[in-house]
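Colleague: Position one of the sequence shown corresponds to residue 5 (this note's numbering), numbered consecutively onward. Built from N, CA and C at the ideal position, the CB exists for glycine as well.
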Amino acid sequence: MQRAIDLARGALGSTSPNPAVGAVVVQDGIIAGEGYTLPPGQRHAEIGALQQAGPLAKGSTLYTTLEPCCHFGRTPPCTDAIISAGVREVIAASIDPNPLVGGKGLEKLRVAGVEATLEPCSDVGELYEGFAKHVTTGLPFVLAKFAMSLDGKIATYTGDSKWVSGPLARDEVQRMRRECDAIMVGINTVLADDPQLTARAHDGSALNRQPLRVVLDSHCRTPSEARMLREPGTTLIIASGEAPGQEIERLRAAGAEVWSGPLHSPGMVEMSEVLVELGHRDVVSLLVEGGGIILGSLFDMGLVDKVNVFIAPVIIGGSQASSPIEGHGPEFMSQAWKVDKTEIRQIGPDWLITGYPNRT
Ligand code: AOF
Ligand code: ZN
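1) Going by DSSP in three states, Phe150 sits in which element: helix, strand or coil?
2) Residues in the same chain with beta-carbon distance under 8 Å from Pro266, minus the five sequence neighbours each way, listed in chain order, please.
3) Do Arg182 and Gly17 come within 8 Å of each other at the CB atom, strictly closer than that value?
4) Which residue from His268, Val139 and Met232 puts its Cα closest to that of Val287?
5) What does DSSP give as the partner residue(s) for Val28 in the beta ladder?
6) Comparing the CB of Pro72 with every heavy atom of the ligand ZN, is any distance shorter than 7 Å?
7) Mind checking which residues open and close the beta strand (DSSP E) that includes Phe76?
8) Find the nearest neighbour of Thr202 within the set Ser269, Pro171, Ile191 and Thr239, judged by alpha-carbon distance.
9) Just reading off the beta strand (DSSP E) that Leu122 is part of, what are its end residues?
10) So, under 8 Å CB-CB, Glu133 and Phe150 are touching, yes? Tell me the CB distance rounded to an integer number of Å.
11) For the alpha helix (DSSP H) containing Leu104, name the first residue and the last one.
12) Nearest to Pro215 by CA position, among Ala230, Cys224 and Val189, is which residue?
13) Following the continuous beta strand (DSSP E) through Glu130, name the residue where it begins and the one where it ends.
14) Quick check on this structure: which residue in Gly106, Leu172 and Val262 has the alpha carbon closest to the alpha carbon of His75?
15) Would you kindly check if the distance between the Cβ of Gly170 and the Cβ of Pro353 is under 8 Å?
16) Could you tell me which of Ser269, Glu253, Ala120 and Ala186 sits nearest to His332, measuring between CA atoms?
17) Can you name the start and end residues of the alpha helix (DSSP H) that Glu281 belongs to?
18) If I'm right that Gly37 touches Leu11 with Cβ under 8 Å, what's the distance once you round it to whole angstroms?
19) Specify the secondary structure class of Asn312 as computed by DSSP and reduced to three states.
20) Between the alpha carbons of Asp197 and Leu113, how many angstroms are there, rounded?
21) One question on the structure: do Val91 and Ala61 come within less than 8 Å of each other, judged by their Cβ atoms?
22) Looking at the strands, I want to know which residues DSSP matches up with Ile241.
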């Protein structure tokens, strides 16, 4: 199963709106075939593993990170292929949260005489948290990421922020970018840092497949020469009715896509509508990289599903130095977000804390 999980992880970021699945066919204790989910409309993980195993699939055990599908989507059901290949046993690490499947895949296998068991594996839940939200609500899973000092600052009072965290933490951010479908920032981040917002391979080269870059820019102030507009992939500017028509045209001519959303307050587009739009565009996992205004408004509206917080062992100080989350915030501590299921990991000199904000 560990091998199947590794195969699934390798496919993260290239399968949306489908979940990234890994599958391994084992015959006589030896791996006879491996597969992972290909981009939408192409082969599911189990089909790849069965094809590689060929005749060795007969009487084998198939390990899969997600219950095999039993419905006709863009591709035919994996359960049928498993049954006709003569697989003896299927071990799945999770139930498919898609209401069209939801346990029916394993049931169909059992009815056909295949021994089908669910062996839940703690590593797998995280693989499908985004898919589970998108397939049931149509909305992307929102992952807020920021890096701060021990005293909770993200820059000095002059705005200098290069770098709060170290190179290994920044490599970890690259992994998050490779695994998500879209990266979102606000216009102030674009104006201050001119970021590329690309996912890069380990050697620093830009990947062919890039997450969608999303900029919240209600007045279309993104410069035509912004570096991200020259990168491979699509940049989506989220404008509003307040954006002048000629600025929208200027950004389109510079290569951006522009979508106008309804205003929530002056200069701030309605975040929940932005999420609906991104969900329609098959964004299953959205990585929000700041800045503070956007993260503040997402927290104020209760739209953050998960946080990835890097804490660097530096102290910046300064009453004017920015902190990661602005917005309004709650009046009382009892209304503060509690972060559940926290995990902490050291990455070089920095710490990464992950968890799920909850206010109930
Ligand atoms: C599997 N193996 O590798 C994946 C599964 O439109 P389709 O035919 O690609 O089906 C998409 C659905 O299949 C998706 O919503 C999810 O329920 C399941 N994904 N199932 O057996 C796979 N990616
Ligand atoms: Zn399938």
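Modeller: On the basis of the supplied data:
1) strand
2) Ser244, Gly245, Val273, Glu274 and Glu277
3) yes
4) Val139
5) Glu38 and Tyr67
6) yes
7) That residue, Phe76, is in no beta strand (DSSP E); it is neither H nor E in DSSP.
8) Thr239
9) Glu119 to Leu122
10) Their Cβ separation, rounded to whole angstroms, is 19 Å, which puts Glu133 and Phe150 out of contact at 8 Å.
11) Careful: Leu104 lies outside any alpha helix (DSSP H) and carries neither H nor E.
12) Val189
13) No beta strand (DSSP E) contains Glu130, which is instead part of the alpha helix (DSSP H) from Ser126 to Leu131.
14) Gly106
15) yes
16) Ser269
17) Met275 to His284
18) Contact flag wrong, Cβ pair sits at about 11 Å.
19) strand
20) 53 Å
21) yes
22) Val219 and Val262
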